[in-house]
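Be aware that the sequence shown starts at -14, since it is given in our numbering, and climbs by one per residue.
Just below is one structure, and these are the notes that go with it.
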Amino acid sequence: MINAEIRKVQITGKSTFVVSLPKKWAVNAGITSGSLVHMHPQEDGSLLLTTNGGFASHGTKTLTIDGSGGDPLIRDIIATYVAGYRVIELKAKNITMEQRKDITAIVKKLIGIEIIEETNEKVVIQDISNPGDMPIDMSFRRMHIKVQWMLDNTFKAMNTKDVSLASEVVKQDDEIDRLNLLISKQFMDILLHSRISEKSELGLTGAFYYRLASDQLERISDHASKIAGIIMESGEKIPNTMLDDIIKIGIISYKLVNDSVGSFTKCNVELANRVIEEHKKIGEELRRTRHPAATLNPDAVMSLGLIADSVKRIGDYAANVAELAIDFSKST
């Protein structure tokens, strides 16, 4: 552990506070006369001093991928991206076509990175984003807007059995995954380097809660996509009368999602408690929903059950966000 260095504060003139920098640190950081340093007040009262504006991340990470492919390779790339490396070098004696397909596929699912170099033995991926451009709370708001769109159109597709609209909902799920990974990356950067965007008023604690809440939105997105997928495959087999009650309950879940996010971003405990109480009614309503299934084929019965389960899960995750809102409110 590096020992703290103690410096005496001096006052020059009437109001200027002056403190000297540790010489070893200054030399290692390349500071000379006229160099600019950036001072970032922290929520715990400390002061973070940087020479780069506070947004430089890790440099280069090299991954040897001989014999690696599919999900393990994709997971390695995602983990390196989330860890905050600006450049990821993927090396092998001979990178196969399947590996290239996996690399290209995951690059499309990550925000801010591009393939900048390709040879037989190496693929170089670079993060070209500026961490200060879109702070974590802005990423979360963008994520919520897209989840709103998914839920709205999921229940519209259920009501009209619009396969084309359901297909668009399913496609949108990838964008939610991208934003959730970006928020994970942003949180790691804040956690490891105490770097908060000047466009954000969040501290480390706030970023932590936004990171947790984004996971809940990602799961809500998964269930919206799941319902839309069922409508695409089996919607015509389910009579409208069988869907009506579930659609009504689904719209209640949708409203709870919006209210829970509102309670979270505004630290509104009263609204959060209302969401949690309303959520309890969803399970009761679904249990009361019973349709005669004798005339339905087994596939329709199963599809109806899966839709009902996803509607309940959406409400569950909304309640989780509301609980995070209460926790967050006590930490500010």
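We put the beta carbon where it would ideally sit given N, CA and C, even for glycine.
Extent of the continuous beta strand (DSSP E) run through residue i
i	result
residue 74	70 to 76
residue 108	107 to 112
residue 291	Taken as a continuous stretch (DSSP letters only), residue 291 belongs to no beta strand (DSSP E), being part of the alpha helix (DSSP H) at 283 to 316.
residue 81	No beta strand (DSSP E) holds residue 81; DSSP gives it neither H nor E.
residue 58	Residue 58 -> not in any beta strand (DSSP E); alpha helix (DSSP H) instead, spanning 55 to 67.
residue 187	Note, residue 187: premise wrong, no beta strand (DSSP E); not H, not E.
residue 101	98 to 103
residue 4	No beta strand (DSSP E) holds residue 4; DSSP gives it neither H nor E.
residue 32	32 to 35
residue -3	-5 to -3
Distance CB(residue i)-CB(residue j) smaller than 8 Å
i	j	result
residue 157	residue 131	yes
residue 212	residue 145	no
residue 299	residue 205	yes
residue 167	residue 210	no
residue 35	residue 22	yes
residue 96	residue 108	no
residue 103	residue 79	no
residue 164	residue 128	yes
residue 311	residue 267	no
residue 304	residue 246	no
residue 151	residue 217	yes
residue 220	residue 296	no
residue 77	residue 51	yes
residue 239	residue 137	yes
residue 243	residue 133	yes
residue 236	residue 288	no
residue 241	residue 263	yes
Chain-order list of residues whose beta-carbon lies under 6 Å from that of residue i (same chain, five-residue window excluded)
i	result
residue 192	121, 172 and 175
residue 285	222 and 223
8 Å CB neighbourhood of residue i in its chain, flanking five on each side removed
i	result
residue 159	94
residue 317	190, 191 and 252
residue 320	Only positions -14 to 317 of the chain appear in this structure, which leaves residue 320 out of reach.
residue 274	230, 231, 234 and 293
residue 200	165
residue 61	48, 50 and 53
residue 72	44, 45, 46, 109, 110, 111 and 112
residue -4	2 and 3
residue 309	194, 197, 198, 201 and 249
First and last residue of the uninterrupted alpha helix (DSSP H) at residue i
i	result
residue 27	Per DSSP, residue 27 belongs to no alpha helix (DSSP H) and is neither H nor E.
residue -10	Note, residue -10: premise wrong, no alpha helix (DSSP H); not H, not E.
residue 255	254 to 273
residue 226	225 to 250
residue 130	121 to 145
Classification of residue i by the beta-carbon crowding that lies within 10 angstroms, buried from 16 upward
i	result
residue 177	exposed
residue 90	exposed
residue 115	exposed
residue 169	buried
residue 196	buried
residue -11	exposed
residue 32	exposed
residue 306	buried
residue 265	exposed
residue 323	Outside the modelled stretch of the chain, which goes from -14 to 317, sits residue 323, for which no answer is possible.
residue 154	buried
residue 98	buried
residue -9	exposed
residue 18	exposed
residue 81	exposed
residue 255	exposed
residue 186	exposed
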